[in-house]
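Count along the sequence shown from 1, then add 227; that gives the number in this note's numbering. Beta carbons: idealized from backbone N, C-alpha and C, even for Gly.
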Amino acid sequence: MEYSRFKHSVISLAVATACMSTSQYVLAEETSAEKNVEVIAVTGSRIKRQEATASPVQNIDLEALQANGSLSLGEALQELPSVGSSLNGNGSAGTSHGASSLNLRNLGANRSLVLVNGHRWVNGAGTRGFRDFVDMNTIPQNIVKRVEVLQDGATAIYGADAIAGVVNLYTYNDYEGLEVKTSYGETSEGDKETFSLDLLSGTNIGEANLMFAASYVDQKPIYTQDRKLTAVPLNGLTASTPEGYFAEDNLADVVDFTIPSAGITRDPNSDGSSIDSWRAVNSDDTFNRYYNNYVTGPSERSSLYTQLVMPFGSVNFKAEALYNLRESDQQFSPALSSIRGSRGFTIADDPRVNPFGVEFSGKDFKHSSFFMNNGYRVNDQKVETTRFAMGLEGEVFDDWSWDTFVSWAKNKGEFTSNNQMDLDKLALGLRACDTSGIAGDVSDIAVGCVPVNVFNPLTDEMVDYVNFTGYDKNEASQVDFTANITGALYELPAGYIGAAFGIEYRKEKGKDTPDSTINADPRINTYRTTTSSPREGTIGEYDLKEAYAEFSIPLLADLPLADYLELSLAARYSDYSTFGSTTNSKVGLLYTPFEQLTLRANWAEGFRAPSILELFEGERLTYSAVSDPCSTDASLPGCSGVPSGYTQQFTNVQVTTGGNRQLVPETSINKTVGLVYESNLIENLSFSLDWYEIKINDTISEFGAQNNLDLCAYQNKNCDTITRDSSGEILDILDGPVNLNATRVSGVDFVTYYSLQTDYGDWSFNANVSKLNELTEYTTLSDGSVEREDLAGTAASRESYPEWRSTFSSTWKHDAWSANYNLRYIGSTTEQVSGEPCDIGSVTYHNISAGYQFENNLAVKLGINNLADKQPPASLTNLNINFDQNTYNPTGRYMYLQLTYSL
């Protein structure tokens, strides 16, 4: 029986051409006029068929995943040209907190569906809260055999979140043998030392197969001072010092010099207890608070995975279990002083805490300093992933296949904030432990109180008293059940109508439990209890019930200029506990006029319900690096009320955000048109070309702190989201998820593949190019007006949208020898700095590797990534870190050795 009669060689290219190195694909054998072809499931369709659908699919095999010695799936897949700025291990501030994401089509990780063997994976956790996307670092790389990337909308096939596309990871269905692999690498600077050890073992027990896998990865950090690009913030040093700025009106009667508005300070290593050590603050009194932060952070990952496949008559049973542990951290400057008279802080007139003989208090009192002796702040994450799943599959009626699958999974995260400060204890210590005049019971705070003198470095006793460690917990869990059946309905003149039907039930939960002390109301100061940002807890859940139908209808076959023509139809009904029901459809057309050429087109509806995080996240305070336009020009339209002499002191400002229960679901229309061509003039040369357009309505997003500042300053819009004090200093920016309006993205993908065999070895070449034509956001502002902005070719903080991205790879194999060359290109962009365009140049990375297979089953591989030691292009909008950490690789030249032993 056949129900897909198109030519193998042409269509295989559509799904088998990889972007990073040569993908291996198998062409079915033909026998006489009737082809006996194994039918399989391909991403983009639930119908088991030959390797083709009307949708553009890239197949990345094991060799491609391992081409550059990558040790995580995120690291390997983020190099795809169709993947935009994604979370990774770069930086300290505003980072992923150890997570890794995939951002297909620049539409966000929560619009890119990640599947494992066609099934859902649980969302991430481990930040200050849980995630609404899959953390790729919770899926061990050594269990994955290949990856298919569907670059098309697939809501009708797979459900919500598949607006930008689908990444489907295929694990080993069964495995027999033993493989042990280890690697070590470091940069040419001697940092980012990375060690890995993988074990993969499988054995047949009768007709059953038992597989076991274990992996371990330990990656060390790169520090900002160890790279020229990140050693000093391009936006300038912080106007503060570890010795401190002190502003207090009463000081005018104590010192014999004129005190500027910034206050007084002292030189390093001088004695703060001597009034003669103090002088007026000047412009040279600055500090690099980003020294000893991370360029790339440390990460340690361990995983255990086991799988059993066992036949029971005509039914196959499969069970799998996974445990994954991820540990990561980010390092920041020591705590910055929160001491202000306006926040209820007072420095007593007591010689134990104050050498000046006057009280520091009231709105005129301000203190700025870095508490170096309290230690660098370090945020630790520990994320445990647990997943159990089982499934059954079999056949009925001879030619129909069915399967059921159920899984339970949880990501459990612990977030530890080290070397913060208890501000109530600090406030009491500044009072020399005097509790008189304090309303309420503070006896617990007074226990063990140590007078705190901030005019000199803190002593160990002072640090022990005020030092604080916060503990947050969060988790995301998922239950998923699916049942599918696929087969041939009946035969038309051009072939059999293929069909698939299925149901799915899914329940998603999320819970975030912040540290109770951090969230408690302050009792001595009026600002907050600790230097950690408080936030409300989050708890939320939803479930949905779904049913779908899919059909592939052969219309024409074996006719002049109609070698094959197929119509595909799909529809999915979804019933959400939070938003009611929706039905989304998809139509595709696959046309092969003659053997060498295939044309394809798709139209699809998409749907994404607001996530638990977007709906229910408790209000929280965070910090964002911004450049305040009013600091350089207070005459701008939205800077009314800002003093003319105002200068922004700190780039990191407080942002208040949280969930929005008024959100409505996103809907989308996806269109793709493309072709696949295999040359009959040049053997083994083939290429595909696809155009795509995605239009999202009711896009859920945040304005962003910097965007709000710019809209206010330059257009006098959204100014109600910004709160300032009388000096012009930004106190808070209000931001959060809203249905902005609409987003439209369009572009072109080109993939080509060529191979040849010679007496000197087998060669293969592969190129993948993505052109971003448009990425337009339509945003409804607070005054009701709609702003239209095309982001293609632009860059901003932690996001870049180059028009061109591409990869090229070549592989050579001869006997026991092999070699690979890989190129990755990221095109130029333009960022806006103080309202003026600033160009960011393109970047090209070159990677090489060579390997040898010994006769004793040992294989060795040596590789160098970023051969030219290329650093990211400098960016002025990516404050403090000086480059877009979600787009570029700051590692520099990286060398590694890999050993593999197989039986």
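Whole-Å CB distance - residue i paired with residue j, under 8 Å assumed
i: T1114; j: S1027; result: 4 Å
i: S759; j: Q881; result: Incorrect: roughly 12 Å between the Cβ atoms, too far for contact.
i: D379; j: S282; result: 4 Å
i: I751; j: A659; result: Their Cβ separation, rounded to whole angstroms, is 13 Å, which puts I751 and A659 out of contact at 8 Å.
i: L817; j: E793; result: 4 Å
i: D742; j: G697; result: 4 Å
i: N811; j: K898; result: Between K898 and N811 the Cβ distance is about 14 Å, and since that is not below 8 Å, they are no contact.
i: V542; j: G621; result: 4 Å
Helix, strand or coil at residue i [DSSP, three-state]
i: V580; result: coil
i: Y517; result: coil
i: I384; result: helix
i: V693; result: helix
i: I238; result: Here the model assigns I238 a pLDDT of 34, short of 50, so the residue's position is not dependable and the matter cannot be decided.
i: R338; result: helix
i: G301; result: helix
i: P1100; result: coil
i: S596; result: coil
i: G1078; result: strand
i: P283; result: coil
i: I274; result: coil
i: I432; result: strand
i: A291; result: helix
i: G807; result: strand
i: N680; result: coil
i: N924; result: strand
i: S529; result: strand
i: D1111; result: coil
i: G901; result: strand
i: F843; result: helix
i: V253; result: Legend: pLDDT at V253 = 33, less than 50; position of this residue unreliable, no value from coordinates given.
i: K455; result: helix
i: N1116; result: coil
i: Q876; result: coil
i: P749; result: coil
i: P781; result: strand
Contact with chain C by residue i, beta-carbon distance below 8 Å
i: W627; result: The chain labelled as chain C is not found in the depicted structure, where only one protein chain is given.
Selected residue, minimal CA-CA separation from residue i, among the options
i: S596; options: A861, E731, V508 and A721; result: V508
i: F1081; options: L1126, D651, G729 and N1105; result: L1126
i: P1099; options: K1040, S299, V522 and A281; result: V522
i: W1044; options: I896, Y987 and S812; result: Y987
i: N295; options: L863, A1077 and P469; result: A1077
i: Y775; options: D785, S565 and L796; result: L796
i: S928; options: I712, A726 and G335; result: G335
i: G386; options: K772, T948 and Q942; result: K772
i: T451; options: G568, N993 and A320; result: A320
i: S982; options: R1032, D1017 and K1040; result: K1040
i: C866; options: L289, T950 and S339; result: T950
i: N879; options: S1055, N1107, I921 and W990; result: N1107
Residue i - partner residues in DSSP beta bridges
i: Y698; result: T643
i: P561; result: Y603
i: C1065; result: E1058
i: L961; result: T883
i: Y941; result: Answer is none; Y941 lacks a bridge partner.
i: E622; result: S628
i: L1124; result: Y411 and L1089
i: W830; result: V814 and K898
The region 861-872 in contact with the region 793-812 per 3-pair CB rule at 8 Å: no
Given 8 Å, three or more beta-carbon pairs between the region 333-344 and the region 386-402: yes
Contact the region 314-330 vs the region 295-305: 3+ CB pairs below 8 Å: yes
Touching by the beta-carbon criterion (3+ pairs, under 8 Å), the region 352-372 and the region 528-542: yes
Contact between the region 777-787 and the region 709-729 (3+ Cβ pairs under 8 Å): yes
Three-pair Cβ contact test at 8 Å for the region 659-669 versus the region 699-718: no
Touching by the beta-carbon criterion (3+ pairs, under 8 Å), the region 834-841 and the region 412-431: no
Sufficient close CB pairs (3 or more, under 8 Å) joining the region 559-575 to the region 619-632: no
Stretch-stretch touch, CB-based, cutoff 8 Å, three pairs: the region 500-520 with the region 455-470: yes
Segment contact flag, the region 442-450 with the region 483-496, C-beta cutoff 8 Å, min 3 pairs: no
Contact between the region 963-982 and the region 1043-1057 (3+ Cβ pairs under 8 Å): no
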